[in-house]
Structure formats: C-alpha cells, structure tokens
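Asker: Mapping the sequence shown onto UniProt numbering, position 223 (from 1) lands on 223, and the numbers just tick up by one. Backbone N, C-alpha and C fix where the C-beta goes; we use that ideal spot for every residue, glycine too. None of the values given here were measured: they were computed from a predicted structure. A single structure is presented below for examination.
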Amino acid sequence: MNFISALSNQKGFSIISVLLVGTILSISGMATVTTLLNQQAVQKEVRFKDNVLHIRNSLLSAITSDSSWMMTRAKNAQMKCVSSSQKFCTPGETERLNIALYDAEGTIIYDSAIPSAGYRMDGTRCDTYSSAGDDSCPLHVSLKWRAQCANSTCSSFEDYISIHFVYTPHSKENKFPFNPANYNVVEQSRGQFGGNDSPVLICARKGMIFIGEKNVFNGQTSDGEGCISYAAFLGPRGPQGPTGPTGPMGATGMMGPQGYNGADAYCP
1 MNFISALSNQ KGFSIISVLL VGTILSISGM ATVTTLLNQQ AVQKEVRFKD
51 NVLHIRNSLL SAITSDSSWM MTRAKNAQMK CVSSSQKFCT PGETERLNIA
101 LYDAEGTIIY DSAIPSAGYR MDGTRCDTYS SAGDDSCPLH VSLKWRAQCA
151 NSTCSSFEDY ISIHFVYTPH SKENKFPFNP ANYNVVEQSR GQFGGNDSPV
201 LICARKGMIF IGEKNVFNGQ TSDGEGCISY AAFLGPRGPQ GPTGPTGPMG
251 ATGMMGPQGY NGADAYCP
C-alpha cells in the first residue's frame, strides 16, 4: 500500500478530501451564523428606535393634553408661579426645572426630576439609569420647564418646555448607530407643541441639516433651530478641467429658399 492509498478510504475518497469538505461546511456554517446575528442586531436596533419614537409621542401627547397638563402643574409645586420674581417664572430665566409628567388621572408618566429615571430597550420605564452606562436602563429623558409671566403677579404665564434624550448603554452590542438628538424637542412654548416635529424634520423641510443650535461647522453657524446649509459640507471647488475635444461635425442642413433676383444692370 502506497502513501496515497493509505490516505484513501474504501470508497476511494481521500482523508484530505473529507477534511476539505468539512472545512468548507464549517466556514459556510459560520457565515450563516454571522448573517443571522447581524440580522438580529439590525432588528433590535429598529425595534429600539421605534420604541423611542413611541416614548417621544406619548410625552408630547401628555404635554399637549390640557387635562394632563393641569394635573402636571398641580403635582409639581415649583410650577405654581405667583410672582414674576419667582424662580423658573422670571422673564429671561436661564435655569430650567426638571418636571414629573402626569396623565389626567394623576398617574405618573415619567419623572424627569429623578436622575436614575429612564427607559428599557423595550420602551418600559425603569429606575436604574446611570450616566456610566446600564444595559437594563440605557435611555434617560430630561423634561425641562420654565415659565414667562405676563405681569408682576403672574396672573397668567406661558409655559416653555424642552425634551432631551440621552442614550448610554454599557455593552458594545447595544452601542449601535443611534443619535438621540434626532428625537429631541427644542425649547418652545407649550402652544407650539401641537404640530411638533423633531429638529431633523424641521431642518429637512428647510432643505438644511440639523447639527444643533448655534454650532459652527466649516465656518458656517447653524440657525436658532440648529439647521445649517448643505453647503457647509461641500469641499472647495476644484480647478476647471481641460477643454474636451471638439465633437464631430454635424450633418449638412437643408438648402435655404432661393434669394430675390438682383436689380437690372445699367450701362451709361
């Protein structure tokens, strides 16, 4: 029995062939597993973003509901403005109050005043949020409020609210591409919340890109809504290229109409 025969089984397949087929099947199996894992990661990301959008919409719904907002005012003691000199009620106030949001029945929707308040990946509330990162409670929302009194006794005032999302997962698998700023609501009066859109959509309608209010990029500053022109992302214009070759001569045109006869010659 020679060396080749020794490496062959009774059906004539060499051990090397068997090993090669096994290796190919193993690689194919690993590729399939990798594809499935990638698909699961994408699905997880899509579900999470959908949950964040649902959270945003539920907060907006409560803020725009008069009955819910009246209950929220009643349950947040510092929201009772009685003087224009009161904290959070002064015109031009720079500080903002983190508020707890309630529904019309007085049930808590979300308490922004609690630093550890947050949401799980599935969109349910949790209370273990940490800026250091926590996979079980990675999303935090800040609901900030201030008022602007119409007079010194604050007999009437206008509410100004902003919504700010923060996403701090711990594990690498949850650190997928997600920009929480796309879901923020810039500070505005409550009366404007009815048709509120995210800053990204606001800028898109203007034919611009959202980068955040008063930010500078390539020498251009974003406007009050955080929008900046697409031109800020364009590089300098390159030099003009050389003139291209002259194209082929076109076909001869149709013969024009016969001209008028000239005047009779006159010889003196």
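For the pair the region 98-115 and the region 57-68, tell me if three or more CB-CB distances fall below 8 angstroms.
Answerer: yes
Asker: Report the three-state DSSP secondary structure of LYS144 (helix, strand or coil).
Answerer: strand
Asker: Residues in its own chain within less than 8 angstroms of CYS81 by CB, not counting five upstream and five downstream?
Answerer: PHE88, CYS89, ALA147, CYS149, CYS154 and PHE157
Asker: What span of residues does the beta strand (DSSP E) with ASP111 cover, start to end?
Answerer: Boundaries of the beta strand (DSSP E) around ASP111: 108-111.
Asker: Contact between the region 46-59 and the region 72-86: three or more CB pairs below 8 angstroms?
Answerer: no
Asker: Pick helix, strand or coil for ILE63, following the three-state DSSP scheme.
Answerer: Three-state result, ILE63: helix.
Asker: Using C-beta distances below 6 angstroms, list every residue in its chain close to VAL141, excluding the 5 sequence neighbours before and after it, in chain order.
Answerer: PHE165
Asker: My output table needs one value for residue 289: the three-state DSSP class, helix, strand or coil.
Answerer: Past the boundaries of the shown model lies residue 289; the chain is included only from 1 to 268, so the question cannot be answered.
Asker: Reducing DSSP to helix, strand and coil, say where ALA100 ends up.
Answerer: strand
Asker: Identify whether PHE48 lies in helix, strand or coil by the three-state DSSP scheme.
Answerer: Helix, per DSSP.
Asker: So GLN188 is in the beta strand (DSSP E); what residue range does that whole segment cover?
Answerer: Here the beta strand (DSSP E) through GLN188 covers 185-189.
Asker: Does the beta-carbon of GLN258, which I'm using as the reference point, lie nearer than 6 angstroms to any heavy atom of the ligand MG?
Answerer: As far as ligands go, the structure on display features none, and thus does not contain the ligand MG.
Asker: Tell me whether ARG237 sits in a helix, a strand or coil according to DSSP, three-state version.
Answerer: coil
Asker: If you follow the beta strand (DSSP E) that TYR260 is part of, which residue opens it and which one closes it?
Answerer: That residue, TYR260, is in no beta strand (DSSP E); it is neither H nor E in DSSP.
Asker: Which residues share a DSSP beta bridge with GLN220?
Answerer: PHE217
Asker: Quick one, are the C-beta atoms of GLY133 and ASN51 less than 7 angstroms apart?
Answerer: no
Asker: Pick out whichever of GLU187, ASN98 and TYR167 has its Cα sitting closest to the Cα of ASN179.
Answerer: TYR167
Asker: Report yes if the CB atom of MET208 is closer than 7 angstroms to the CB atom of CYS227, and no otherwise.
Answerer: yes
Asker: Could you name the residues of the same chain whose beta carbon sits closer than 8 angstroms to that of LEU53, not counting the 5 residues immediately before and after it, in chain order?
Answerer: TYR183
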